[in-house]
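> One structure, pasted below without further comment.
Residue numbers (our numbering): 274 to 616.
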């Protein structure tokens with residue numbers, strides 16, 4: 274785990290401070306950046322999101338899809354959790370906590386937007402950080418790679434319909450043109466660019482490719498931090514007025530993450546899967562592609578929306594929560610059969 278990944282929560286907290294301060298001291302500058310839009314897509318953020326996502330997608334080898342059948346039980350559990358359970362439980366928890374229990378404590382005009390942000394977070398399975406979690410639990414690397422490649426392929430087609438369905442059930446107006454444009458801009462185009470880059474660099478050898486990935490990593494990190502600073506520059510006034518909002522938004526995200534991991538972990542155990550598959554399977558199911566969720570929230574609802582803030586809360590708590598799950602998985606490895614994965 275890199276220094277940035279280990280202290281992600283600290284960096285996000287610093288971005289909150291810097292962003293809120295910038296928004297307070299230079300409000301006109303923040304508004305000017307927010308107005309730079311084409312077809313409801315903020316151009317500065319679009320560039321930052323590409324710089325953030327493409328380095329992650331360059332690591333994905335879609336040839337790994339040929340190995341999906343080798344670990345069919347773990348793959349099946351993760352797909353079930355990611356696409357049949359997780360988006361819907363996140364929406365349910367959003368309706369329960371944000372739409373009902375916490376509603377009197379939240380700005381009335383932002384409640385639906387907060388729920389929308391949670392829905393976006395729940396509909397985007399993680400692409401990058403799962404490699405870290407898998408490594409920390411001594412997970413089977415080929416399983417992790419094939420699972421992530423399959424999730425990315427499904428996400429191209431499933432993300433927009435699932436988001437539209439759940440937003441519609443929440444009585445939130447869905448701008449279909451913007452949603453489809455977000456999928457094209459933040460999933461399809463980055464995947465194409467990343468795979469073209471990957472193949473071009475790999476022609477020069479594995480060593481060159483490894484060095485290329487190392488150079489790309491800081492670009493992704495800096496783009497994420499810059500995006501967070503801009504987000505909090507827009508959210509500054511709301512956060513200063515009601516800092517407790519972040520705590521309230523964290524509650525359904527925390528419950529969702531622990532529930533999805535626990536269910537996925539137990540399902541893998543019930544199917545007789547080994548720990549080196551079960552642990553990354555459950556962790557992939559529980560974690561979120563928060564970069565995509567942030568990008569979609571900004572495109573659909575704007576920089577200063579409650580949806581954008583809700584997705585950023587997911588970034589804030591991602592590392593400490595996932596590290597706690599990694600520790601639990603390592604302590605319970607004896608729950609699983611001590612044998613090699615079956616083929």
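Cβ atoms here follow ideal geometry from the backbone N, Cα and C, with glycine treated the same way. Since the structure is predicted, the reported quantities are computational estimates derived from the model, not experimental observations.
By alpha-carbon positions, which one of 530, 499, 589 and 551 ends up nearest to residue 321?
Numbered from its first residue, the chain shown carries residue 321 at position 48. Per the Cα distances, 499.
> Leaving out five residues before and five after residue 287 in sequence, what residues of the same chain have Cβ atoms less than 7 Å from its Cβ?
What you label residue 287 is simply residue 14 of the chain shown in a count that begins at 1. Nothing meets the Cβ criterion.
> Report the three-state DSSP secondary structure of residue 310 (helix, strand or coil).
Locating residue 310 in the chain shown gives position 37, counting from the first residue. Three-state result, residue 310: strand.
> Compare the beta carbon distance of residue 389 and residue 440 with 7 Å and say whether it is the shorter of the two.
Residue 389 sits at position 116 when you count from the first residue of the chain shown. Residue 440 sits at position 167 when you count from the first residue of the chain shown. Yes, the pair counts as a contact, with Cβ atoms nearer than the cut-off.
> DSSP three-state call for residue 263: helix, strand or coil?
Residue 263 lies beyond the range of the chain shown here (274 to 616); nothing can be said about it.
> Between residue 527 and residue 349, what straight-line distance do the alpha-carbon atoms span, to the nearest angstrom?
Position 254 of the chain shown holds residue 527. Position 76 of the chain shown holds residue 349. Approximately 24 Å, taken between the alpha carbons.
> Roughly how many angstroms separate the alpha carbons of residue 580 and residue 478, rounded to a whole number?
As a position in the chain shown, residue 580 is number 307, starting the count at 1. As a position in the chain shown, residue 478 is number 205, starting the count at 1. Whole-angstrom Cα-Cα distance: 43 Å.
> Within 10 angstroms of its Cβ, does residue 430 collect 16 or more other Cβ (buried), or is it exposed?
Numbered from 1 along the chain shown, position 157 holds the residue referred to as residue 430. Taking a 10 Å sphere around the C-beta of residue 430, we find fewer than 16 other C-beta atoms and assign the residue as exposed.
> Run through DSSP, which three-state label would residue 516 get?
Taking the first residue of the chain shown as position 1, residue 516 is located at position 243. Here residue 516 carries a coil assignment [DSSP, helix/strand/coil].
> What do you get for residue 600, buried or exposed, if any count of 16 or more other CB atoms within 10 angstroms of its CB means buried?
Taking the first residue of the chain shown as position 1, residue 600 is located at position 327. Of the other Cβ atoms in all chains shown, fewer than 16 fall within 10 Å of the Cβ of residue 600; this residue is therefore exposed.
> Let's see if you can read the secondary structure: which residues bound the alpha helix (DSSP H) around residue 359?
Taking the first residue of the chain shown as 1, we reach residue 359 at position 86. Counting along the chain, the alpha helix (DSSP H) containing residue 359 begins and ends at 359–366.
> Hey, out of 467, 410, 283 and 569, whose CA is closest to residue 422's CA?
On the chain shown, residue 422 is found 149 positions in, with the first residue counted as 1. Of the candidates 467, 410, 283 and 569, the one whose C-alpha sits nearest the C-alpha of residue 422 is 467.
> Going by C-alpha distance, which of 308, 283 and 331 is nearest residue 462?
One-based indexing of the chain shown puts residue 462 at position 189. For residue 462, the nearest C-alpha among the options comes from 331.
> By Cβ distance, which residues of its chain are closer than 7 Å to residue 408, with the 5 residues on each side in sequence left out?
Numbered from its first residue, the chain shown carries residue 408 at position 135. Nothing listed; no residue qualifies.
> Residue 550 and residue 344: beta carbons closer than 7 Å?
Here residue 550 corresponds to residue number 277 of the chain shown, with the count starting at 1. Here residue 344 corresponds to residue number 71 of the chain shown, with the count starting at 1. Cβ distance < 7 Å, so residue 550 and residue 344 count as in contact.
> Tell me, which residues are paired with residue 398 by DSSP?
Along the chain shown, read from residue 1 onward, the residue named residue 398 stands at position 125. DSSP lists 561 as the beta-bridge partner residues of residue 398.
> Excluding sequence positions up to five away, which residues of its chain have a Cβ less than 6 Å from the Cβ of residue 470?
If you number the chain shown from 1, residue 470 lands on position 197. Cβ within range, chain order: 331.
> Looking at the unbroken alpha helix (DSSP H) that takes in residue 328, where does it start and where does it end?
Sequence index remark: in the chain shown, residue 328 carries index 55 (1-based). First-last of the alpha helix (DSSP H) with residue 328: 316–331.
> Could you compute how far the alpha carbon of residue 502 sits from the alpha carbon of residue 562?
Here the question's residue 502 lines up with position 229 in the chain shown. Here the question's residue 562 lines up with position 289 in the chain shown. Distance between the alpha carbons of residue 502 and residue 562 is about 19 Å.
> Does the pairing of the segment 579–593 with the segment 538–557 give three or more beta-carbon distances under 8 Å?
no
> Helix, strand or coil for residue 417, going by three-state DSSP, please let me know.
What you label residue 417 is simply residue 144 of the chain shown in a count that begins at 1. Correct three-state label for residue 417: helix.
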